[in-house]
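Structure first, then comments.
Residue numbers (my numbering): 841 to 1052.
Structure representation (structure tokens):
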């Protein structure tokens, strides 16, 4: 039971931290000792001994995280704040300086990068790019979108919804993404490198009839 409890505890802690990031990080973080047991109550029935074990393990884990992990996050945020203040957030400057972001780029048919947006989340990066395309009145049929992540079915759906007709990922697509792209007639490529890529749907859009 202790091993299973520790595993569930880690999952709940990560979930609680994610919720904190979406709202008020300070409020959520300072109350994790209450939020985690409250969340676990929906999934586990624990006796008094198990609850005591959970409280002890949770206090130890939170103390470790606060002392060893949180300072690193604060340093990263300080660097990010300085970059924004100095107007250094251009192209993939965040990725080059932090190594912790994804990017989505809009490219002309000949491969020249026209727009780039970054974010810690790959979905947010694509959302930002679509917004920039709308603001710049870019025709989503005249070029292709390149993402630095895998091509999940959600990324494919976002591209189709935005009117994008070609999506290129540096990593692999999922099976559902390939199926969705084929049904939506979205040209999809993965494992993109400087002189190579793997085609999964509508290969003629890339000037190559070979599909994987």
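Backbone N, C-alpha and C fix where the C-beta goes; we use that ideal spot for every residue, glycine too.
Beta carbon of residue i nearer than 7 Å to that of residue j
i            : j            : result
residue 996  : residue 1029 : no
residue 942  : residue 962  : yes
residue 944  : residue 1004 : no
residue 1011 : residue 983  : no
residue 1027 : residue 1042 : yes
residue 1032 : residue 1000 : no
residue 1002 : residue 953  : no
Residue i, DSSP secondary structure in three states
i            : result
residue 1032 : strand
residue 957  : strand
residue 1002 : coil
residue 1040 : strand
residue 1045 : helix
residue 945  : strand
residue 1013 : strand
residue 894  : helix
residue 1007 : strand
residue 864  : Low confidence applies here, because residue 864 scores a pLDDT of 48, under 50, leaving its location unreliable and the question unanswered by this model.
Cα-Cα separation between residue i and residue j, rounded to whole angstroms
i            : j            : result
residue 978  : residue 906  : 45 Å
residue 902  : residue 964  : 29 Å
residue 951  : residue 911  : 40 Å
residue 994  : residue 1039 : 19 Å
residue 884  : residue 1045 : 52 Å
residue 968  : residue 955  : 10 Å
residue 888  : residue 895  : 11 Å
residue 946  : residue 960  : 18 Å
residue 975  : residue 871  : 40 Å
residue 878  : residue 893  : 15 Å
residue 1034 : residue 989  : 16 Å
residue 919  : residue 913  : 10 Å
residue 875  : residue 981  : 47 Å
residue 881  : residue 909  : 27 Å
residue 1019 : residue 886  : 44 Å
Proximity test, residue i beta-carbon vs the ligand MG heavy atom, cut-off 6 Å
i            : result
residue 1002 : Here there are no bound small molecules, and the ligand MG is not part of this structure.
Contact set for residue i: own chain, Cβ-Cβ below 6 Å, skip 5 residues either direction
i            : result
residue 861  : Since pLDDT at residue 861 reaches only 45, below the 50 mark, its modelled position is unreliable, and the value read off the structure follows with that caveat. Same-chain partners within the cutoff: there are none.
residue 890  : none
residue 1021 : 996, 1028 and 1041
Chain-order list of residues whose beta-carbon lies under 7 Å from that of residue i (same chain, five-residue window excluded)
i            : result
residue 992  : 1014 and 1017
residue 966  : 944, 987, 995 and 998
residue 1036 : none
residue 915  : none
Residues near residue i by beta carbon distance below 8 Å, same chain, minus five either side
i           : result
residue 873 : 895, 898, 899 and 902
Nearest-angstrom Cβ-Cβ length linking residue i and residue j, presumed shorter than 8 Å
i           : j           : result
residue 985 : residue 972 : Incorrect: roughly 11 Å between the Cβ atoms, too far for contact.
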